[in-house]
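One structure is given here, and the rest of the page talks about it.
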Amino acid sequence: MSDKTTAALAVEQADTEATTTQEAELLPAATLDELKQVDLGTVAESERAPFRITDDRCADWAIRKIADERSEYDRLKALADEQIAAINEKVAAARKRMENGTSYLTSCLADFFATVPHKETKTTEKYRLLSGTLTFKKGTTKTKLDETKLVPWLKANGYGELVKVEESTRWADLKKLLSYTGDIATLTETGEIVEGVTVYETPGIFTVDV
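Numbering follows our numbering, with no gaps: position 11 of the sequence shown is 19.
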C-alpha cells in the first residue's frame with residue numbers, strides 16, 4: 009500500500025470522526041429533571057428523543073440509574089432462580105417416584121420376555137402385546153482409545169502410516185516476523201504479503217463501574 013493511499017485513508021477516517029463529533033454536538037443537552045422523566049426501560053431507543061449528558065450532576069444520576077436497573081435485574085433473577093430451583097426439585101421428586109414405580113415392573117416384564125417366543129432380527133428382539141411392545145436391543149462391540157499408548161505402539165510396530173499427522177501454524181513464532189498495513193500482513197524483512205492472515209481491529213469497550 010503506497011504512502012499516498014495511506015494518507016488518503018487517514019484523511020477519510022479523520023473526516024468521518026469529525027462528522028460523528030459534529031452530529032453528537034447537535035444533540036440537545038438534557039437537564040437533570042428531563043433525565044428523570046425519560047422512560048429508559050420500556051421505550052425503545054429509536055422511539056425516544058436523543059440527548060446528551062453534559063454535566064456532573066446528570067452523569068452521576070445516570071450512574072445511579074444504571075446501578076438501580078442492575079440491582080432490580082439481580083433481584084428478579086434471584087427470585088426466578090429460587091422458583092426454578094423449587095420446580096426442578098419437584099420434577100426430580102416426580103422422576104424418582106416414576107422410576108421407583110416402574111423399575112420393578114420392568115424387571116418382571118424382562119423375566120417374562122425370556123419365557124415367550126419373540127421376533128428376532130440382527131439387532132433387536134421384540135414381543136408385541138395390545139398395550140405395547142417388549143423390546144430387547146442386543147449389545148454392540150465398542151472401543152475406547154488411549155492415544156497416549158496406542159500411537160507409540162503403532163509407531164514402534166511398523167504401523168506408522170495409521171497415525172494421523174495434523175499440521176498447524178506456529179503462530180507465536182510467525183507473528184513476531186509480521187508487520188500490518190490496513191488488513192494486510194507482510195513479512196517485516198522482505199515486505200512479502202502473507203496469505204491466510206487477515207488483520208482487523210477490535211473496538212474499544214466502554215463500561216460503567218458502580
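Glycine included, every Cβ here is placed at the ideal spot set by N, Cα and C.
Assuming the contact rule is C-beta atoms closer than 8 Å, residue i and residue j should be a hit. Round their C-beta distance to whole Å, please.
i           : j           : result
residue 194 : residue 200 : 6 Å
residue 218 : residue 74  : 6 Å
May I ask which residues mark the beginning and end of the alpha helix (DSSP H) holding residue i?
i           : result
residue 99  : 64-121
residue 164 : 155-164
residue 182 : 179-182
Could you tell me whether the Cβ atoms of residue i and residue j are closer together than 7 Å?
i           : j           : result
residue 123 : residue 134 : no
residue 69  : residue 48  : no
residue 72  : residue 40  : no
residue 170 : residue 158 : no
residue 132 : residue 143 : yes
Should residue i go down as buried or exposed, given a rule of 16 or more other Cβ atoms within 10 Å for buried?
i           : result
residue 116 : exposed
residue 151 : exposed
residue 10  : Bear in mind that the predicted position of residue 10 carries a pLDDT of just 46, short of 50, making it too unreliable to give a figure here.
Hey, out of the options, whose CA is closest to residue i's CA?
i           : options               : result
residue 197 : 162, 84 and 183       : 183
residue 129 : 147, 178 and 138      : 147
residue 188 : 205, 172 and 179      : 205
residue 190 : 165, 166, 174 and 207 : 207
residue 145 : 126, 155 and 154      : 126
residue 137 : 37, 97 and 120        : 120
For the beta strand (DSSP E) holding residue i, just list the boundary residues, first then last.
i           : result
residue 40  : Run containing residue 40: none in the beta strand (DSSP E); it sits in the alpha helix (DSSP H), 40-45.
residue 220 : This structure gives no information on residue 220, because the portion of the chain shown stretches from 9 to 218.
residue 145 : 141-145
residue 219 : Given a span of 9 to 218 for the chain in the structure shown, any question on residue 219 remains unanswerable.
residue 213 : Segment: none, residue 213 is in no beta strand (DSSP E) and carries neither H nor E.
residue 204 : 201-206
residue 192 : 192-195
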